[in-house]
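Residue numbers (my numbering): 1 to 399.
Note that the Cβ used here is the ideal one computed from N, Cα and C, for glycine as well.
For clarity, every value in this text was computed on a predicted model and none was experimentally measured.
A short write-up of the structure that comes next.
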């Protein structure tokens with residue numbers, strides 16, 4: 001089946017269009033395998049499960065998994081690495097490591113990530129599947145605006161693009177004017193970066209007198225932060241670049257993190273849940289799974305990774321999930337209609353109402369004449385909280 005550009009439509013058609021019931025059977029099989037592995041081989045998990053009175057034999061169904069298995073938090077991982085440096089007691093054999101990466105460390109000592117040779121090789125094909133779903137093809141030139149540093153960032157994007165055969169242009173963290181100049185000089189057809197950086201480049205292009213919508217870029221692969229799936233933000237970026245916007249990514253702990261991907265932006269984000277199983281659970285009790293359409297925290301589980309595998313990792317991100325049959329692209333994965341909405345700990349309570357920065361952003365993006373930047377200020381007047389939103393206004397907008 002062709003994609004209209006002379007290439008096959010799917011990277012792995014059997015996998016991507018599999019009957020969801022059959023996929024669930026495979027997921028449960030992998031979950032039980034992973035639970036047995038981490039309990040037997042990784043001291044971190046054995047200690048955690050023993051302390052919580054859990055044993056892998058208790059999981060017979062996916063419901064058992066969601067309601068019985070304790071979550072892993074970032075704080076647990078940081079503490080374990082401090083006690084068992086450098087990679088923690090959940091890492092696996094150090095002799096088999098192919099890559100070492102780390103978090104930015106802005107809040108303290110960076111969290112160290114290690115990936116075995118087998119896991120790195122497997123991730124290459126998975127990221128290729130994700131990039132193919134987002135429209136990357138061998139005849140593309142992909143300019144990567146993510147940094148190439150301690151963080152996985154651009155490295156994962158590069159890995160998948162090269163496996164497809166795309167001409168990769170790993171520019172990284174360069175000044176914005178130079179990025180725009182290189183797009184015109186090289187003829188890049190894909191640009192990859194954070195949603196906020198793509199918005200920033202629209203403003204820079206306007207100052208430079210560059211019509212970004214007339215450039216060679218026809219596809220944007222964004223990630224690293226919420227926004228790429230919020231309708232207002234996506235529309236702003238699409239209009240400014242004249243290109244489709246494809247959201248991707250989850251967290252560094254969940255590498256390969258490109259298991260949340262946008263094929264058709266109208267469908268939202270697909271969850272490649274036969275690689276990383278994703279649950280949406282109650283924000284206050286992660287052992288309470290939520291029904292489709294209800295907002296909660298997203299919890300991730302590696303189904304194949306053996307080096308630093310995450311089993312029910314509490315991301316702290318908010319979203320909602322639906323599983324309503326094949327999407328417009330024919331894939332049968334469940335999806336996040338609006339992607340990641342934001343951080344659960346970013347929620348504001350204003351006069352008894354829950355207010356999310358992502359919801360404010362979505363409204364602002366529909367107002368003509370506003371720039372990309374805004375800030376939310378919360379103050380107290382007497383016993384009542386008051387929220388003020390300050391926005392950037394484009395030149396020429398009448399008061």
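For residue 292, the three-state DSSP class (helix, strand or coil): Your numbering for residue 292 matches position 292 in the chain shown. Reduced to three states, the DSSP call for residue 292 is coil.
Can you find the residues in the same chain that come closer than 7 Å, C-beta to C-beta, to residue 247, ignoring five residues on each side of it along the sequence? Within the chain shown, the letter at position 247 stands for residue 247. Excluding sequence neighbours, residue 247 sits near 222, 223, 228, 229, 262, 269 and 339.
Using only the alpha-carbon positions, how far apart do residue 39 and residue 54 sit? Along the chain shown, read from residue 1 onward, the residue named residue 39 stands at position 39. Along the chain shown, read from residue 1 onward, the residue named residue 54 stands at position 54. The alpha-carbon atoms of residue 39 and residue 54 are separated by roughly 10 Å.
Return helix, strand or coil for residue 199, following the three-state DSSP convention. Within the chain shown, the letter at position 199 stands for residue 199. Note: residue 199 maps to helix in three-state DSSP.
To the nearest angstrom, how far is the alpha carbon of residue 138 from that of residue 376? Position 138 of the chain shown, counting from 1, holds the residue named residue 138. Position 376 of the chain shown, counting from 1, holds the residue named residue 376. Looking at the two C-alpha atoms, the distance is approximately 43 Å.
Using a threshold of 7 Å, state whether the C-beta atoms of residue 257 and residue 220 are closer than that. Here residue 257 refers to the residue found at position 257 of the chain shown. Here residue 220 refers to the residue found at position 220 of the chain shown. It is not a contact, given that the beta carbons lie outside the stated cut-off.
Endpoints, beta strand (DSSP E) assigned at residue 238: Taking the chain shown and counting its residues from 1, the one referred to as residue 238 is at position 238. Run containing residue 238: none in the beta strand (DSSP E); it sits in the alpha helix (DSSP H), 231-241.
Can you tell which of 292, 126 and 277 has its C-alpha closest to the C-alpha of residue 300? In the chain shown, the residue the question calls residue 300 occupies position 300. The residue with the shortest Cα to Cα distance from residue 300 is 277.
Decide if residue 22 is buried, meaning its Cβ has at least 16 other Cβ atoms within 10 Å, or exposed. Within the chain shown, numbered from 1, the residue matching residue 22 stands at position 22. It counts as exposed.
Label residue 266 either buried or exposed according to how many other C-beta atoms from any shown protein chain fall within 10 Å of its C-beta, with 16 as the threshold for buried. Start at 1 with the first residue of the chain shown, and residue 266 comes out as number 266. Residue 266 is exposed by the Cβ-count criterion.
In the stretch 32-64, which residue ranges form an unbroken alpha helix (DSSP H) of at least 4 residues, counting only runs that do not cross its ends? 43-51
From residue 118 to residue 306, what does the alpha carbon distance come to, in whole angstroms? Start at 1 with the first residue of the chain shown, and residue 118 comes out as number 118. Start at 1 with the first residue of the chain shown, and residue 306 comes out as number 306. Distance between the alpha carbons of residue 118 and residue 306: 9 Å.
Using DSSP with H/G/I as helix, E/B as strand and the rest coil, what is residue 163? Position 163 of the chain shown, counted from the start, is the residue given in the question as residue 163. Helix at residue 163.
Could you pull out every residue in the same chain whose Cβ sits closer than 7 Å to the Cβ of residue 323, ignoring the five residues on either side in sequence? Translated into positions along the chain shown, residue 323 becomes position 323. So the list reads 20, 292 and 334, once near-sequence residues are dropped.
For residue 232 and residue 170, the rounded distance between their alpha carbons: Locating residue 170 in the chain shown gives position 170, where the first residue counts as 1. Locating residue 232 in the chain shown gives position 232, where the first residue counts as 1. Each residue's alpha carbon lies about 29 Å from the other.
Beta strand (DSSP E) segment containing residue 316, residue limits: Against the chain shown, residue 316 aligns to sequence position 316. Residue 316 -> beta strand (DSSP E) spans 313-319.
Which word fits residue 6, buried or exposed, when buried means at least 16 other C-beta atoms lie within 10 angstroms of its C-beta? The count along the chain shown starts at 1 and reaches residue 6 at position 6. Its Cβ having fewer than 16 others within 10 Å, residue 6 is exposed.
Cβ pair residue 188, residue 141 closer than 7 Å: In the chain shown, counting from the first residue as 1, residue 188 sits at position 188. In the chain shown, counting from the first residue as 1, residue 141 sits at position 141. Yes, these two residues count as a Cβ contact at 7 Å.
Just the C-alpha distance for residue 123 and residue 183, rounded to the nearest angstrom, thanks. Locating residue 123 in the chain shown gives position 123, where the first residue counts as 1. Locating residue 183 in the chain shown gives position 183, where the first residue counts as 1. Cα-Cα distance, rounded: 28 Å.
Under the three-state DSSP convention, the category residue 303 falls into: For the purposes of this step, residue 303 is identified with residue 303 of the chain shown, where counting begins at 1. Coil.
Any idea if residue 95 is buried or exposed, counting beta-carbon neighbours within 10 angstroms, 16 or more meaning buried? Numbered from its first residue, the chain shown carries residue 95 at position 95. Looking at its Cβ environment, which holds fewer than 16 other Cβ atoms inside 10 Å, residue 95 is exposed.
Mind checking who residue 101 pairs with in its DSSP beta bridge? Within the chain shown, the letter at position 101 stands for residue 101. Paired residues: 113.
Alpha carbons only, please: which of 34, 253 and 58 is nearest the one belonging to residue 304? Here the question's residue 304 lines up with position 304 in the chain shown. Considering only alpha carbons, the answer is 34.
Can you list, in chain order, the residues of its chain whose CB lies under 8 Å from that of residue 31, leaving out five sequence neighbours each side? In the chain shown, residue 31 corresponds to position 31, counting from 1. So the list reads 59, 62, 65, 277, 301 and 303, once near-sequence residues are dropped.
Once you ignore the five residues that flank residue 151 on each side, which residues in its own chain have a CB closer than 8 Å to its CB? Translated into positions along the chain shown, residue 151 becomes position 151. Same-chain partners within the cutoff: 101, 102, 103, 104 and 252.
What is the rounded straight-line gap between the Cα of residue 153 and the Cα of residue 24? Residue mapping note: residue 153 aligns to position 153 of the chain shown, counting from 1. Residue mapping note: residue 24 aligns to position 24 of the chain shown, counting from 1. Going by the C-alpha atoms only, they are around 30 Å apart.
For the alpha helix (DSSP H) that residue 176 lies in, which residues bound it at each end? In the chain shown, the residue the question calls residue 176 occupies position 176. Residues 176-186.
Selected residue, minimal CA-CA separation from residue 249, among 131, 280, 52 and 281: Residue numbering aside, residue 249 sits at position 249 when the chain shown is read from its first letter. Taking only the C-alpha atoms, the option nearest residue 249 is 131.
According to the Cβ coordinates, are residue 217 and residue 243 closer than 7 Å? Position 217 of the chain shown, counted from the start, is the residue given in the question as residue 217. Position 243 of the chain shown, counted from the start, is the residue given in the question as residue 243. Cβ distance < 7 Å, so residue 217 and residue 243 count as in contact.
Chain-order list of residues whose beta-carbon lies under 6 Å from that of residue 255 (same chain, five-residue window excluded): On the chain shown, position 255 is the one that residue 255 refers to. Taken in chain order, the residues that qualify are 152.
Is residue 377 helix, strand or coil when you go by DSSP? Counted from its first residue, the chain shown places residue 377 at position 377. Residue 377 falls in the strand class under three-state DSSP.
Local conformation of residue 4 per DSSP, three classes: Within the chain shown, the letter at position 4 stands for residue 4. Residue 4: coil per DSSP, three-state reduction.
Provide the residue span of the alpha helix (DSSP H) that contains residue 13, from first to last. The residue you call residue 13 lines up with position 13 of the chain shown. Note, residue 13: alpha helix (DSSP H), 13-16.
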